[in-house]
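Worksheet: the structure to be examined is printed underneath.
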Amino acid sequence: MTQPAILRPREIKSNDRGNGARTTPLVTRRCGSTSMINGITAFDPGASIDLHKHNCEESVMILDGQAIAEIDGVRYPLGPNDTTWIPANVPHRFINASQTEPMRIFWIYASIDATRTMIATGEERPIDAEHHQQGTQS
């Protein structure tokens, strides 16, 4: 039987995603998850991630700051506790709407085998591959 886990983001090394974004994976295969993964991504002022899509549903909650969620070509202003649900294969990205304050999101993928496909290049890779870049999470 898999054991429950307590995960403390302040004790987990973050992965630099470039463009002023850093991701801290939380629930992953490493802690025993077999059906979902989640984590937190922090954005510097004005930072954004590139347009991409996933092979599964994703939900994102704004933890801190002001965000713009660009989903299938439409931009939505979001603040703390606002939550998105994005179906599989829908292009999207998140942008820190502030030029002076940081922004953080909490994300959940509905599959342990989630992938990210970059719209600009078509490059696809497993979300897990990003988590293997550090020694404390998978």
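Heads up: the sequence shown runs through residues 1 to 138, numbered per the UniProt record's numbering.
We treat Cβ as the ideally placed atom computed from N, Cα and C, and that holds for glycine.
Keep in mind the model is a prediction, meaning the values are calculated, not measured.
Around the beta carbon of valine 60, 16 or more other beta carbons sit within 10 angstroms, so the residue counts as buried. If you draw a straight line from the Cα of glutamate 124 to the Cα of isoleucine 12, it is about 25 angstroms long.
For threonine 100, no beta strand (DSSP E) encloses it, and the DSSP letter there is neither H nor E.
Considering only Ala42, Met36, Arg8 and Arg30, the residue with the shortest C-alpha distance to arginine 17 is Ala42.
For glutamine 99, the closest C-alpha among the options Ala47, Trp107 and Pro25 is that of Ala47.
In terms of Cβ geometry, isoleucine 105 and isoleucine 62 form a close pair [threshold 9 angstroms]. Beyond the five residues adjoining it in sequence on each side, isoleucine 112 comes within less than 7 angstroms, by CB distance, of Arg29, Ser33, Thr34, Ser35, Met36 and Ile37 in the same chain, given in chain order. Excluding its 5 nearest sequence neighbours in each direction, threonine 2 has C-beta neighbours in its own chain below 6 angstroms: Gly32, listed in chain order.
Distance from the Cα of proline 102 is smallest, within the candidate group Arg116, Gly65 and His92, for Gly65. DSSP places methionine 118 inside the beta strand (DSSP E), whose first and last residues are 115 to 118.
Here aspartate 128 carries a helix assignment [DSSP, helix/strand/coil].
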